[in-house]
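Novice: This is the structure I want to talk about, given as structure tokens.
Protein chains: 2
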Amino acid sequence: MKQILLFISISFWMIHSGSAYSQSVNAHTDDSVFIRKIYDEALSNGEAYENLRVLCKEIGARITGSTEAQMAIEWGHKLMTDYGFKVRLMEITVPHWERGNKEAFWIRKGDGTITKLNGLALGGSVGTNGILRGKLIELNSLEELKEIPEEKVKGKIVFVNQKMDEQLIQTFRAYGGCYPVRGSSASEGAKKGALAVVIRSLGLAIDNHPHTGSMRYHEDVPKIPAAAISTSDAELIHKYIVQHPNEEIEFVMEMDCRKLEDKISYNVIGEIPGSSKAEKIITIGGHLDSWDTGEGAHDDGAGVIHCLEALRIFKALNYQPEHTIRVVFFMNEENGNMGGKTYAKLVKEDGEQHVAALESDRGGFAPRGFSCDGSEEQIEWLKSTAPLFKEYDLHLFEKGYGGVDIGPLKKEFPDIALFGFVPDSQRYFDMHHSPNDVFENVNKRELELGAAAVASFVYLLDRQLD
Amino acid sequence: MKQILLFISISFWMIHSGSAYSQSVNAHTDDSVFIRKIYDEALSNGEAYENLRVLCKEIGARITGSTEAQMAIEWGHKLMTDYGFKVRLMEITVPHWERGNKEAFWIRKGDGTITKLNGLALGGSVGTNGILRGKLIELNSLEELKEIPEEKVKGKIVFVNQKMDEQLIQTFRAYGGCYPVRGSSASEGAKKGALAVVIRSLGLAIDNHPHTGSMRYHEDVPKIPAAAISTSDAELIHKYIVQHPNEEIEFVMEMDCRKLEDKISYNVIGEIPGSSKAEKIITIGGHLDSWDTGEGAHDDGAGVIHCLEALRIFKALNYQPEHTIRVVFFMNEENGNMGGKTYAKLVKEDGEQHVAALESDRGGFAPRGFSCDGSEEQIEWLKSTAPLFKEYDLHLFEKGYGGVDIGPLKKEFPDIALFGFVPDSQRYFDMHHSPNDVFENVNKRELELGAAAVASFVYLLDRQLD
Numbered sequence: 004m005k006q007i008l009l010f011i012s013i014s015f016w017m018i019h020s021g022s023a024y025s026q027s028v029n030a031h032t033d034d035s036v037f038i039r040k041i042y043d044e045a046l047s048n049g050e051a052y053e054n055l056r057v058l059c060k061e062i063g064a065r066i067t068g069s070t071e072a073q074m075a076i077e078w079g080h081k082l083m084t085d086y087g088f089k090v091r092l093m094e095i096t097v098p099h100w101e102r103g104n105k106e107a108f109w110i111r112k113g114d115g116t117i118t119k120l121n122g123l124a125l126g127g128s129v130g131t132n133g134i135l136r137g138k139l140i141e142l143n144s145l146e147e148l149k150e151i152p153e154e155k156v157k158g159k160i161v162f163v164n165q166k167m168d169e170q171l172i173q174t175f176r177a178y179g180g181c182y183p184v185r186g187s188s189a190s191e192g193a194k195k196g197a198l199a200v201v202i203r204s205l206g207l208a209i210d211n212h213p214h215t216g217s218m219r220y221h222e223d224v225p226k227i228p229a230a231a232i233s234t235s236d237a238e239l240i241h242k243y244i245v246q247h248p249n250e251e252i253e254f255v256m257e258m259d260c261r262k263l264e265d266k267i268s269y270n271v272i273g274e275i276p277g278s279s280k281a282e283k284i285i286t287i288g289g290h291l292d293s294w295d296t297g298e299g300a301h302d303d304g305a306g307v308i309h310c311l312e313a314l315r316i317f318k319a320l321n322y323q324p325e326h327t328i329r330v331v332f333f334m335n336e337e338n339g340n341m342g343g344k345t346y347a348k349l350v351k352e353d354g355e356q357h358v359a360a361l362e363s364d365r366g367g368f369a370p371r372g373f374s375c376d377g378s379e380e381q382i383e384w385l386k387s388t389a390p391l392f393k394e395y396d397l398h399l400f401e402k403g404y405g406g407v408d409i410g411p412l413k414k415e416f417p418d419i420a421l422f423g424f425v426p427d428s429q430r431y432f433d434m435h436h437s438p439n440d441v442f443e444n445v446n447k448r449e450l451e452l453g454a455a456a457v458a459s460f461v462y463l464l465d466r467q468l469d
Numbered sequence: 004m005k006q007i008l009l010f011i012s013i014s015f016w017m018i019h020s021g022s023a024y025s026q027s028v029n030a031h032t033d034d035s036v037f038i039r040k041i042y043d044e045a046l047s048n049g050e051a052y053e054n055l056r057v058l059c060k061e062i063g064a065r066i067t068g069s070t071e072a073q074m075a076i077e078w079g080h081k082l083m084t085d086y087g088f089k090v091r092l093m094e095i096t097v098p099h100w101e102r103g104n105k106e107a108f109w110i111r112k113g114d115g116t117i118t119k120l121n122g123l124a125l126g127g128s129v130g131t132n133g134i135l136r137g138k139l140i141e142l143n144s145l146e147e148l149k150e151i152p153e154e155k156v157k158g159k160i161v162f163v164n165q166k167m168d169e170q171l172i173q174t175f176r177a178y179g180g181c182y183p184v185r186g187s188s189a190s191e192g193a194k195k196g197a198l199a200v201v202i203r204s205l206g207l208a209i210d211n212h213p214h215t216g217s218m219r220y221h222e223d224v225p226k227i228p229a230a231a232i233s234t235s236d237a238e239l240i241h242k243y244i245v246q247h248p249n250e251e252i253e254f255v256m257e258m259d260c261r262k263l264e265d266k267i268s269y270n271v272i273g274e275i276p277g278s279s280k281a282e283k284i285i286t287i288g289g290h291l292d293s294w295d296t297g298e299g300a301h302d303d304g305a306g307v308i309h310c311l312e313a314l315r316i317f318k319a320l321n322y323q324p325e326h327t328i329r330v331v332f333f334m335n336e337e338n339g340n341m342g343g344k345t346y347a348k349l350v351k352e353d354g355e356q357h358v359a360a361l362e363s364d365r366g367g368f369a370p371r372g373f374s375c376d377g378s379e380e381q382i383e384w385l386k387s388t389a390p391l392f393k394e395y396d397l398h399l400f401e402k403g404y405g406g407v408d409i410g411p412l413k414k415e416f417p418d419i420a421l422f423g424f425v426p427d428s429q430r431y432f433d434m435h436h437s438p439n440d441v442f443e444n445v446n447k448r449e450l451e452l453g454a455a456a457v458a459s460f461v462y463l464l465d466r467q468l469d
């Protein structure tokens with residue numbers, strides 16, 4: 004049955020892209036004119052920047068399970084209601100981890116001098132239960148940790164100083180290369196008897212902002228504390244060790260973080276019901292939760308705002324979509340993805356028909372294009388939209404990742420096309436998961452251009468999908 | 004004779020682009036490999052960011068004729084000497100305008116309440132000779148000022164509140180639309196007996212940073228003071244006037260600025276002499292002077308650094324160019340362009356042969372491409388380089404402006420191709436000519452990617468030009 008559905012679905016896309024692009028120049032011109040209106044609305048009457056300000060400044064960091072997350076849900080519900088969307092909350096059960104009251108990191112050199120470090124517990128880590136001290140051993144990579152003999156690690160605090168590769172032009176690829184370091188170092192260290200692990204922050208800039216992010220404990224391995232220190236501290240320690248190869252350096256840490264009971268939380272859903280194809284749903288969204296440091300401005304306040312603003316623009320321009328266009332503010336992308344998983348499961352159970360989804364979760368920077376996690380035909384369709392975006396400086400229209408939140412839809416709807424909004428990636432990892440991810444680091448025009456690009460793309464999906 | 008030279012030159016370009024692109028895949032692959040090395044060097048061992056820090060923080064704003072400008076000349080001379088380039092100073096005579104000690108702006112409402120404004124004298128303006136007061140009249144545009152009857156303006160201070168058009172995706176086009184407002188409002192106002200003119204800052208963001216920039220007095224018209232106030236102050240005044248249409252608002256200003264005697268200054272020139280085609284010169288550069296506010300980080304510290312770093316990368320990679328590659332730190336782009344004019348004149352008098360020039364003067368943002376002010380063949384050649392830059396996310400390869408500094412070369416060498424480096428333009432006018440144009444607002448990776456793009460492009464010019 005799945006195979007038959009797949010065939011039918013691909014046919015729709017094929018027929019459609021065929022007709023839309025061979026049919027007439029008029030259709031194209033109309034689209035071009037409407038896209039220009041979308042951009043004008045976003046740039047001249049846009050509410051994206053002010054909405055993001057409220058989310059960042061009146062609510063702030065909003066880790067899953069926090070009161071701030073709940074306030075963000077209420078903010079989203081009210082705002083989408085005020086905009087005239089059809090709004091509901093979707094209940095989900097979410098993990099609840101909190102940083103606690105105390106967090107501090109030092110090194111103590113051989114001569115007893117101490118240096119305070121800029122660090123953050125990794126999300127999901129256990130605490131240290133008071134002060135924790137151990138001899139520091141520096142390793143260059145997770146691979147080195149996996150291969151090193153147990154006796155070199157046992158009873159020590161392991162510092163995994165693996166750098167993101169600055170030579171990769173697409174910074175998300177550099178991030179991907181270090182992602183397992185954050186996720187697995189604790190359990191790899193614990194297997195060999197380490198007391199705790201500390202990683203170099205996943206960021207490209209050398210600065211004092213530590214970057215947190217999720218980690219996971221492997222089963223049947225002791226849970227040891229895991230933290231990240233800033234890249235400048237990582238460099239400092241590395242240089243000291245190179246200069247003093249025989250000196251014993253002690254790492255001292257205290258972390259009060261802990262996992263609490265699961266909680267009830269919500270995805271916030273707002274939609275404009277479709278006209279002729281109301282039963283066919285296009286989901287667009289970002290995640291409302293953030294890490295508990297900074298303000299979640301780029302990650303993913305910007306993505307939430309892009310999608311919200313797209314729908315607002317449709318309303319402002321009196322555009323009645325044929326499909327139902329649904330904005331979802333997903334909860335818990337950062338440490339569990341219960342929002343994305345529950346959404347896919349429940350809409351499937353409700354018998355809904357999902358034809359496409361788009362996620363914005365790469366920051367509020369100047370748009371570069373869109374990626375497609377889909378069939379060859381769907382990717383070809385994506386590429387066919389490129390000429391309409393040329394004058395707006397979008398140029399990347401390629402096969403690629405959709406997003407964490409919309410990912411689970413693929414399992415339930417194998418024929419769905421998943422799209423990712425792709426902004427410029429150069430500054431993203433200067434802020435990502437750090438105290439630096441604040442409203443001030445989002446540029447108004449770049450945010451507005453992102454919203455306009457998302458709105459234009461969703462408009463084309465609505466116009467051209469069967 | 005000029006026509007014959009033109010013909011020969013075009014032929015070279017044509018033959019060349021023909022041969023380079025039909026010849027072999029190998030040539031292409033070699034270029035691709037070398038460009039990758041350029042990027043790796045810029046991103047892993049780059050000195051661009053640290054050099055820009057020194058220029059911004061150890062020298063700072065460096066308006067033509069200032070001691071800071073002289074220190075920047077000495078900095079450039081030493082740095083290029085240390086890098087092993089062949090260095091010289093080219094003497095030029097430059098205008099000298101300074102802001103003086105005192106500058107302040109207020110409005111005084113009908114009820115006597117006063118509000119201090121964020122303002123800057125425009126470069127080249129006369130001072131107010133103590134306090135200057137006048138009834139304020141707001142006009143929406145320079146066109147309105149040109150058309151309004153004399154009696155409505157006479158004896159008043161004219162506020163030209165012309166906004167940059169935020170709907171234009173290319174922000175330089177929006178700037179171009181307001182450029183005459185800054186340049187001509189004073190003389191247009193003076194023709195009708197205005198006491199002074201105040202313009203809305205040329206910037207897209209609504210904020211408190213005033214933006215200065217050059218203005219010129221027309222001949223045979225009285226010279227009246229000219230200033231810019233911040234966009235948020237412009238909005239504030241506008242709203243107040245709309246709400247109080249019959250109220251008399253007084254504008255109060257004091258500016259101590261003045262034009263001084265011309266001075267001697269210098270272009271700083273460093274080059275790597277060519278091998279087989281040493282007599283053919285490729286000039287690349289930016290301008291060393293800046294306005295006297297902020298630190299001239301994007302305008303044009305970044306451009307100077309892009310070109311300096313390109314040559315440093317050639318040295319670091321042991322690349323011996325066939326042509327002579329010359330970096331010029333031009334002086335006085337902002338208020339006279341005596342550096343660019345003198346350079347073109349003197350190299351012509353010296354009998355030099357100039358085949359191409361490139362300028363970077365649009366900020367240190369993520370690269371988007373290159374523009375060409377040249378013949379159809381030269382533009383076609385530019386476009387043919389696009390595939391080599393695709394993996395680095397450059398996508399704009401089009402006919403367009405070269406730059407102010409290299410512009411005068413066209414008169415002396417009609418066949419020359421002038422190229423402009425085109426970075427993303429969205430944030431540029433948030434900083435341009437304002438106290439906000441500081442080192443902290445330049446992103447390290449974006450700067451490095453700009454230097455790598457410039458170096459790669461100059462490499463291709465060297466390889467492919469006859």
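These protein sequence lines map, in sequence, to chains A and B. Counting from 4, one number per residue, gives the positions in the first sequence under the numbering used here. Counting from 4, one number per residue, gives the positions in the second sequence under the numbering used here. We put the CB at the ideal spot given by N, CA and C, even for glycine.
Going by the DSSP bridge assignment, what does A/His99 pair with across the sheet?
Specialist: According to DSSP, A/His99 bridges with A/Leu263.
Novice: From which residue to which residue does the beta strand (DSSP E) around B/Pro370 run?
Specialist: Element bounds for B/Pro370: Pro370 to Asp376.
Novice: Looking at the structure shown, is B/Glu394 part of a helix, part of a strand, or coil, going by DSSP?
Specialist: In the structure shown, B/Glu394 sits in a helix (DSSP, three-state: H, G or I).
Novice: Comparing the C-beta of A/His398 with each C-beta of chain B, is any distance below 8 angstroms?
Specialist: Output row for A/His398: interface = yes.
Novice: Give, in chain order, every residue of the stretch 33 to 64 of chain B whose Cβ lies closer than 8 angstroms to some Cβ of chain A.
Specialist: Going along the stretch 33 to 64 of chain B in chain order, one finds Tyr42, Asp43, Leu46 and Ser47 with a Cβ nearer than 8 angstroms to chain A.
Novice: Spell out the partners DSSP gives A/Ile110 in its beta bridges.
Specialist: According to DSSP, A/Ile110 bridges with A/Thr118 and A/Phe254.
Novice: Return the chain-ordered ranges of every alpha helix (DSSP H) run that is complete within the stretch 291 to 346 of chain A and spans a minimum of 4 residues.
Specialist: Runs found: 305 to 319.
Novice: Answer yes if the stretch 316 to 324 of chain B comes into contact with the stretch 376 to 389 of chain B, meaning at least three C-beta pairs across the two stretches below 8 angstroms, and no otherwise.
Specialist: The stretch 376 to 389 of chain B vs the stretch 316 to 324 of chain B: no contact.
Novice: Roughly how many angstroms lie between the CA atoms of A/Ser233 and B/Phe368, to the nearest whole one?
Specialist: One C-alpha to the other measures close to 25 angstroms.
Novice: For A/Lys283, is the classification buried or exposed, using 16 other Cβ atoms within 10 angstroms of its Cβ as the cut-off for buried?
Specialist: Answer is buried; the Cβ neighbour count reaches 16.
Novice: Return the first residue and the last residue of the beta strand (DSSP E) that A/Lys105 is part of.
Specialist: No beta strand (DSSP E) holds A/Lys105; DSSP gives it neither H nor E.
Novice: Tell me the residue span of the alpha helix (DSSP H) that contains B/Gln246.
Specialist: Element bounds for B/Gln246: Thr234 to Gln246.
Novice: In the DSSP assignment, find the beta strand (DSSP E) that holds B/Pro426 and state where it starts and stops.
Specialist: Ala420 to Pro426 is the extent of the beta strand (DSSP E) around B/Pro426.
Novice: Would a C-beta distance cut-off of 8 angstroms place B/Gly471 and B/Arg185 closer than the cut-off?
Specialist: With chain B represented from 4 up to 469, any question about residue 471 of chain B goes unanswered, as that position is not in the structure.
Novice: At a threshold of 7 angstroms, does B/Phe333 count as lining the ligand FAD (C-beta to nearest heavy atom)?
Specialist: With respect to the ligand FAD, the structure shown offers nothing to examine, as it has no ligands at all.
Novice: Counting only beta-carbon atoms, is A/Gln381 nearer than 8 angstroms to chain B?
Specialist: Judged by the 8 angstroms Cβ criterion, A/Gln381 is not in contact with chain B.
Novice: Is the distance from the Cβ of A/Cys59 to the Cβ of A/Gly366 below 8 angstroms?
Specialist: Going by C-beta atoms, A/Cys59 is not nearer than 8 angstroms to A/Gly366.
Novice: Which of the three DSSP states is assigned to A/Phe400 in this structure?
Specialist: Strand at A/Phe400.
Novice: Look up A/Ile41 in the DSSP assignment and say whether it is helix, strand or coil.
Specialist: A/Ile41 falls in the helix class under three-state DSSP.
Novice: Within the same chain, show all residues whose beta-carbon is closer than 7 angstroms to that of A/Tyr404, passing over the 5 residues directly before and after it, in chain order.
Specialist: Contacts found: Ser374, Asp376 and Gly423.
Novice: Is the Cβ-Cβ distance between B/Asp114 and A/Ile172 less than 8 angstroms?
Specialist: Cβ atoms of B/Asp114 and A/Ile172: not closer than 8 angstroms.
Novice: Check the DSSP bridge columns for A/Ile275 and list the partner residues they point to.
Specialist: A/Ile275 pairs with A/Ile328.
Novice: Using 8 angstroms as the limit for Cβ to Cβ distance, is A/Ala369 near chain B?
Specialist: True, the Cβ-Cβ gap to chain B drops below 8 angstroms.
Novice: Does the stretch 117 to 125 of chain A come into contact with the stretch 137 to 157 of chain A, if we say contact requires no fewer than three beta-carbon pairs (one atom in each stretch) closer than 8 angstroms?
Specialist: The stretch 117 to 125 of chain A, when compared against the stretch 137 to 157 of chain A, does not touch it at the 8 angstroms Cβ threshold.
Novice: For B/Gly180 and B/Met167, I'd like the C-alpha separation in whole angstroms.
Specialist: Cα to Cα, B/Gly180 sits roughly 7 angstroms from B/Met167.
Novice: Any beta carbon from chain B within less than 8 angstroms of A/Asp236's own beta carbon?
Specialist: For A/Asp236, the answer is no, since every Cβ of chain B falls outside 8 angstroms of its Cβ.
Novice: Taking DSSP as the reference, what is the three-state secondary structure of B/Gly63?
Specialist: Three-state DSSP puts B/Gly63 in coil, outside helix and strand.
Novice: Is it true that the CB of A/Arg39 sits closer than 8 angstroms to the CB of B/Leu207?
Specialist: No, they are not a contact pair.
Novice: May I ask which residues mark the beginning and end of the alpha helix (DSSP H) holding A/Ile76?
Specialist: It spans Thr70 to Asp85 - the alpha helix (DSSP H) in which A/Ile76 sits, taken as one unbroken run.
Novice: Could you pull out every residue in the same chain whose Cβ sits closer than 6 angstroms to the Cβ of B/Asp433, ignoring the five residues on either side in sequence?
Specialist: Counting only Cβ-Cβ distances below 6 angstroms, and skipping sequence neighbours, we find Ala208.
Novice: Can you tell which of A/Glu325, A/Gly68 and A/Thr327 has its C-alpha closest to the C-alpha of A/Ser293?
Specialist: That would be A/Gly68, whose Cα lies nearest to the Cα of A/Ser293.
Novice: Using the Cβ count rule (16 or more neighbours within 10 Å means buried), how would you classify B/Ser35?
Specialist: That one is exposed.
Novice: At what residues does the alpha helix (DSSP H) containing A/Ala458 begin and finish?
Specialist: Unbroken alpha helix (DSSP H) run through A/Ala458: Lys447 to Gln467.
Novice: Need the endpoints of the beta strand (DSSP E) that B/Lys138 sits in, please.
Specialist: From DSSP, the beta strand (DSSP E) with B/Lys138 extends over Leu135 to Leu142.
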